[in-house]
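Peer 1: Quick one: this structure, given as structure tokens, is what I'll be asking you about.
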Amino acid sequence: MSSQKGNASRSRPQKHQNTFAFKNNKYGATVQVKKANSKVHDGLCQRCKEVLEWKVKYSKYKSLTQARKCVKCSQKTVKDAYHVMCKPCALQLEICAKCGNKEEIVIPINSQKDGEEEVEDTQQNKKAGRKTKQIEDSDSDDFGGMGSDDDDDDDDDDKDDSDREPKTIQNKGLLHDVSI
């Protein structure tokens, strides 16, 4: 036996031990594994957070395919797997969204929303920068076939290029001000 009745300590070490740790993305991560690994478990107590992290680590985590019904407001608003109540109800009552106990919440729900908004803002700025670069490229392509061998025309093109650069800088400044 591993332990005698009434004796909680073992008398010998473990017989078979792993030589390396389990990796849930060993043979290439699937979409589900990538989503599970990137998921931040917010609005949970310490124990529930550790349970969900264990499930993710050992490929036992199954995400929800449809929204579940919240036990507090009775609406289908629970979008996270293994949770029993929606985030607004858990935030309002200040309880764990998985077990429902009134314990200390490790990662508050609000801090995750602020991080998501910052990520979205940076993504929008990147997209706006790409659009201005595409506009610049299309403008330079329009004038590509109109040039001739005369030196006077080349000087005019240089002036047009210098005129275009401040415009793009001004446009970038305007786009940046809009996002703030």
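Numbering (our numbering), first residue to last: 620 to 799.
All C-beta atoms in this analysis are idealised placements derived from N, C-alpha and C, irrespective of residue type, glycine included.
1. Taking the straight line between their C-alpha atoms, what separation do you get for residue 655 and residue 629?
2. Taking the beta carbon of residue 702 as the centre, do at least 16 other beta carbons fall within 10 Å, making it buried, or is it exposed?
3. Smallest Cα separation from residue 707: which of 723, 689, 721, 720?
4. How is residue 687 classed by DSSP in three states: helix, strand or coil?
5. In chain order, what residues of the same chain have a beta carbon less than 8 angstroms from the beta carbon of residue 800, not counting five sequence neighbours either side?
6. If you run the structure through DSSP and keep just helix, strand and coil, what is residue 728?
7. Which of helix, strand or coil does DSSP assign to residue 708?
8. Let me know if residue 733 comes out buried or exposed under the rule of 16 or more other beta-carbons within 10 Å of its beta-carbon.
9. Within 10 angstroms of the Cβ of residue 683, are there 16 or more other Cβ atoms? Answer buried if so, exposed if not.
10. Indicate the three-state DSSP secondary structure (helix, strand or coil) for residue 626 in the structure shown.
11. In the DSSP assignment, find the unbroken alpha helix (DSSP H) run with residue 667 in it and report its ends.
12. For residue 680, which of 653, 713, 721 has the nearest alpha-carbon?
13. Taking the alpha carbon of residue 729 as the point to measure from, which residue in 717, 718, 711 has its own alpha carbon closest?
14. Can you tell which of 666, 700, 676 has the C-alpha that lies nearest to the C-alpha of residue 642?
15. Give the DSSP-derived three-state secondary structure of residue 637 in the structure shown.
16. Given a threshold of 16 other Cβ atoms within 10 Å of its Cβ, counted over all protein chains shown, does residue 697 qualify as buried or as exposed?
17. For a test of the three-state rule: what should DSSP assign to residue 659, helix, strand or coil?
Peer 2: On the basis of the coordinates in this document:
1. 36 angstroms
2. buried
3. 689
4. strand
5. Shown here, the chain extends from 620 to 799; a query on residue 800 therefore has no answer.
6. helix
7. helix
8. Summary for residue 733: the model assigns pLDDT 48, below 50, so the residue's position carries little reliability; its value from the coordinates is reported in the next sentence. Answer is exposed; the Cβ neighbour count stays below 16.
9. exposed
10. coil
11. 665-676
12. 653
13. 711
14. 676
15. coil
16. buried
17. coil
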